[in-house]
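Peer 1: This structure is in structure tokens; I'll ask about it shortly.
In the UniProt record's numbering, the protein residues as written are 1 to 375.
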């Protein structure tokens with residue numbers, strides 16, 4: 001088996017898989033190295049499925065808007081799997097004057113970028129979704145937002161990439177990146193050394209230690225986030241829900257179950273040697289917070305809960321960039337818990353960046369060196 005390809009991608013989450021697929025469509029040979037034995041084991045399978053433009057930093061908003069216009073509507077057909085994409089809007093909820101201020105600020109910035117989003121009051125909120133609590137007094141409403149299934153989308157990209165000849169190697173953690181004559185050339189794993197002309201590091205929080213082997217630092221920290229799923233309920237609503245404080249988000253799936261994520265205040269509790277686990281304390285607190293927004297689910301039974309690490313960037317915005325100091329090296333990480341919705345657009349544009357030297361969307365605001373002191 002040849003250990004040389006045009007591109008090596010480190011990380012088989014949705015970002016890595018999508019980039020591999022779009023590179024293969026351009027005719028490049030690609031190897032994807034995954035540290036675990038499973039595909040999409042990180043944040044790609046541990047999120048609430050939001051495909052939203054509202055509530056985003058303006059630096060990543062163009063990616064979200066472009067992807068929702070150009071990729072998400074036809075993604076099920078392109079990948080040959082049902083990604084369960086539903087575009088019925090996003091209500092970002094608030095209860096207090098402080099929440100109103102946060103939502104208004106996000107809305108004003110998004111409108112300036114051309115997004116169709118507006119502030120609405122409690123009566124307008126319950127006209128859209130009558131199941132929400134009377135405590136909810138304000139919200140931003142973006143009718144073109146939606147949600148999708150993270151598992152089928154991630155594995156859909158994996159399946160199509162393999163059909164186009166992409167080689168996936170699991171249980172192959174990257175120990176070191178190596179340069180030869182100043183340019184990236186090798187990826188070292190426990191069992192082999194793989195070579196490529198270009199390397200993309202898209203390994204979530206593990207990207208930080210991998211990039212450090214060639215002297216590059218992306219300031220991010222692991223942040224635990226918990227998700228849970230209810231038993232199937234009668235059809236209630238199709239919107240995606242979120243909050244001003246980003247402490248709760250979720251939607252009802254096409255199967256009837258509600259998929260929710262949130263913050264419990266007990267994220268520091270962990271008794272499994274550093275592995276992200278969901279606890280009865282955390283899940284219960286998350287549920288109590290959800291009921292404050294959504295009392296109709298007070299008696300719903302939770303059938304599954306899980307937790308995962310987010311690669312939380314210092315400024316909560318992803319790093320998507322070539323690396324000037326290491327020619328041939330590219331980065332796509334630090335998505336801070338909101339990478340799923342922009343993943344198709346990221347994969348498409350990073351593939352362009354690697355193959356063609358430019359991208360449809362200007363990604364200069366997401367460069368890796370934005371954290372360095374200004375000269």
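Even glycine gets a Cβ: it sits at the ideal position worked out from N, Cα and C.
Suppose you measure from the CA of residue 344 to the CA of residue 120; what does that come to, to the nearest Å?
Peer 2: Here residue 344 corresponds to residue number 344 of the chain shown, with the count starting at 1. Here residue 120 corresponds to residue number 120 of the chain shown, with the count starting at 1. Cα-Cα distance, rounded: 30 Å.
Peer 1: Tell me, which residues are paired with residue 251 by DSSP?
Peer 2: The residue labelled residue 251 in the question sits at position 251 within the chain shown. Looking at the DSSP assignment, residue 251 forms a beta bridge with 259.
Peer 1: Which residue spans inside the stretch 130–191 form an unbroken beta strand (DSSP E) run of at least 3?
Peer 2: As far as the stretch 130–191 is concerned, its whole beta strand (DSSP E) runs of at least 3 residues are 138–142, 167–169, 176–180, 183–188.
Peer 1: What does the alpha-carbon distance come out to for the pair residue 213 and residue 325?
Peer 2: Working through the chain shown from its first residue, we reach residue 213 at position 213. Working through the chain shown from its first residue, we reach residue 325 at position 325. Residue 213 and residue 325: Cα-Cα distance of roughly 13 Å.
Peer 1: Compute the beta-carbon to beta-carbon distance between residue 170 and residue 36, rounded to the nearest angstrom, for a pair I have assumed lies under 8 Å.
Peer 2: Along the chain shown, read from residue 1 onward, the residue named residue 170 stands at position 170. Along the chain shown, read from residue 1 onward, the residue named residue 36 stands at position 36. Rounded, the Cβ-Cβ distance is 7 Å, consistent with contact.
Peer 1: Mind checking residue 208: buried by the 16 CB within 10 Å criterion, or exposed?
Peer 2: Mapped onto the chain shown, residue 208 falls at position 208. Classification of residue 208: buried, given that the 10 Å Cβ count is 16 or more.
Peer 1: Could you say if the stretch 37–47 and the stretch 74–84 meet the contact criterion of at least three C-beta pairs nearer than 8 Å?
Peer 2: The stretch 37–47 vs the stretch 74–84: no contact.
Peer 1: According to the neighbour-count rule (16 or more other Cβ atoms, all chains shown, within 10 Å of its Cβ), is residue 160 buried or exposed?
Peer 2: Here residue 160 corresponds to residue number 160 of the chain shown, with the count starting at 1. Under this definition residue 160 is a buried residue.
Peer 1: Of the residues 240, 357, 217, 226, which one's Cα is nearest the Cα of residue 281?
Peer 2: For the purposes of this step, residue 281 is identified with residue 281 of the chain shown, where counting begins at 1. Ranking 240, 357, 217, 226 by Cα distance to residue 281 puts 226 first.
Peer 1: What's the C-alpha gap between residue 54 and residue 308?
Peer 2: As a working mapping, residue 54 is identified with position 54 in the chain shown. As a working mapping, residue 308 is identified with position 308 in the chain shown. Taking the straight line from one Cα to the other gives about 24 Å.
Peer 1: Going straight from the alpha carbon of residue 11 to that of residue 204, what length do you get?
Peer 2: Taking the chain shown and counting its residues from 1, one reaches residue 11 at position 11. Taking the chain shown and counting its residues from 1, one reaches residue 204 at position 204. When rounded, the distance between both Cα atoms is 8 Å.
Peer 1: Please report the distance separating the alpha-carbon of residue 177 from that of residue 319.
Peer 2: Within the chain shown, the letter at position 177 stands for residue 177. Within the chain shown, the letter at position 319 stands for residue 319. Their backbone Cα atoms lie some 18 Å apart in a straight line.
Peer 1: Write down the C-beta distance between residue 154 and residue 70 rounded to the nearest angstrom, noting that I regard them as a contact closer than 8 Å.
Peer 2: The count along the chain shown starts at 1 and reaches residue 154 at position 154. The count along the chain shown starts at 1 and reaches residue 70 at position 70. Wrong, their Cβ atoms sit about 19 Å apart, outside the cutoff.
Peer 1: Under 9 Å between the Cβ atoms of residue 126 and residue 111?
Peer 2: The residue given as residue 126 occupies position 126 in the chain shown. The residue given as residue 111 occupies position 111 in the chain shown. No.
Peer 1: Nearest to residue 80 by alpha carbon, out of 347, 107, 157, 287?
Peer 2: Along the chain shown, read from residue 1 onward, the residue named residue 80 stands at position 80. The candidate whose alpha carbon is nearest that of residue 80 is 157.
Peer 1: Does the stretch 19–27 come close enough to the stretch 177–192 to have 3 or more Cβ pairs within less than 8 Å?
Peer 2: Too few Cβ pairs lie closer than 8 Å, so no.
Peer 1: Could you give the uninterrupted runs of the alpha helix (DSSP H) lying entirely in the stretch 276–361, keeping only those of 4 residues or more?
Peer 2: Runs found: 280–293, 343–356.
Peer 1: Quick one: Cα of residue 14 to Cα of residue 202, how far?
Peer 2: On the chain shown, position 14 is the one that residue 14 refers to. On the chain shown, position 202 is the one that residue 202 refers to. Spanning the two alpha carbons is a distance of roughly 9 Å.
Peer 1: Rounded to the nearest angstrom, what separates residue 130 and residue 294 at their Cα positions?
Peer 2: If you number the chain shown from 1, residue 130 lands on position 130. If you number the chain shown from 1, residue 294 lands on position 294. Those two C-alpha atoms are separated by around 10 Å.
Peer 1: Assuming residue 216 and residue 330 are in contact, meaning their beta carbons sit under 8 Å apart, how far apart are those beta carbons, in whole angstroms?
Peer 2: As a first step, residue 216 must be located in the chain shown, where it is residue number 216. As a first step, residue 330 must be located in the chain shown, where it is residue number 330. Going by Cβ atoms, the distance from residue 216 to residue 330 rounds to 11 Å, so no, they are not a contact pair.
Peer 1: Note down, in chain order, each residue of its chain lying with its Cβ closer than 6 Å to the Cβ of residue 219, except the 5 sequence neighbours on either side.
Peer 2: Indexing the chain shown from 1 puts residue 219 at position 219. Only 314, 371 meet the Cβ criterion.
Peer 1: Determine the contact status of residue 168 and residue 31, defining contact as a CB-CB distance below 9 Å.
Peer 2: Within the chain shown, the letter at position 168 stands for residue 168. Within the chain shown, the letter at position 31 stands for residue 31. In contact: residue 168 and residue 31 (Cβ atoms closer than 9 Å).
Peer 1: Let's test the definition: count the other Cβ atoms within 10 Å of the Cβ of residue 338 and tell me whether it reaches 16, buried, or not, exposed.
Peer 2: Indexing the chain shown from 1 puts residue 338 at position 338. Burial call: buried.
Peer 1: Please go through the stretch 6–91 and give each complete alpha helix (DSSP H) segment of 4 or more residues, from N-terminal end onward.
Peer 2: Entirely contained in the stretch 6–91, the alpha helix (DSSP H) runs reaching 4 residues are, in chain order, 14–25, 61–70, 75–79.
Peer 1: Per DSSP, residue 201 is paired with what?
Peer 2: Numbered from 1 along the chain shown, position 201 holds the residue referred to as residue 201. BP columns for residue 201 point to 10, 331.
Peer 1: Please name the residue in 3, 4, 26 whose C-alpha comes closest to that of residue 354.
Peer 2: To locate residue 354, count along the chain shown from 1; it is residue 354. Comparing Cα positions, the closest option is 26.
Peer 1: Looking only at its chain, what residues have a beta carbon closer than 6 Å to the beta carbon of residue 151, apart from the 5 residues adjacent to it on each side?
Peer 2: Here residue 151 is taken as the residue at index 151 of the chain shown, counted from 1. Within the same chain, residue 151 has close Cβ partners 45.
Peer 1: Could you say which of 374, 321, 373, 132 lies nearest to residue 362 if we only look at CA atoms?
Peer 2: Taking the chain shown and counting its residues from 1, one reaches residue 362 at position 362. If we check each option's Cα against that of residue 362, 321 comes out closest.
Peer 1: Cutting at 8 Å between CB atoms, please list the residues of its own chain near residue 283, excluding the five before and the five after it.
Peer 2: Position 283 of the chain shown, counted from the first residue, corresponds to residue 283. Closer than 8 Å at the Cβ level, and outside the excluded window around residue 283, lie 226, 228, 264, 302, 305.
Peer 1: Just to confirm the assignment, what range does the alpha helix (DSSP H) spanning residue 114 have?
Peer 2: Translated into the one-based positions of the chain shown, residue 114 becomes position 114. Run containing residue 114: none; DSSP gives neither H nor E here.
Peer 1: Under three-state DSSP, which class holds residue 224?
Peer 2: Translated into the one-based positions of the chain shown, residue 224 becomes position 224. In the structure shown, residue 224 sits in a strand (DSSP, three-state: E or B).
Peer 1: Please classify residue 98 as buried or exposed, where buried requires at least 16 other C-beta atoms within 10 Å of its C-beta.
Peer 2: In the chain shown, residue 98 corresponds to position 98, counting from 1. So residue 98 ends up on the exposed side.
Peer 1: Three-state secondary structure (DSSP) at residue 241?
Peer 2: As a position in the chain shown, residue 241 is number 241, starting the count at 1. It is a strand residue.
Peer 1: Quick check on the burial criterion: 16 or more other C-beta atoms within 10 angstroms. Buried or exposed for residue 92?
Peer 2: If you number the chain shown from 1, residue 92 lands on position 92. Counting Cβ neighbours within 10 Å, residue 92 comes out buried, since at least 16 surround it.
Peer 1: For residue 120, write down the residues that DSSP places opposite it in a beta bridge.
Peer 2: For this step, residue 120 is matched to residue 120 along the chain shown. Residue 120 is bridged to 139.
Peer 1: Looking only at DSSP bridge pairs, what is residue 246 linked to?
Peer 2: Translated into the one-based positions of the chain shown, residue 246 becomes position 246. DSSP output for residue 246 lists no bridge partner at all.
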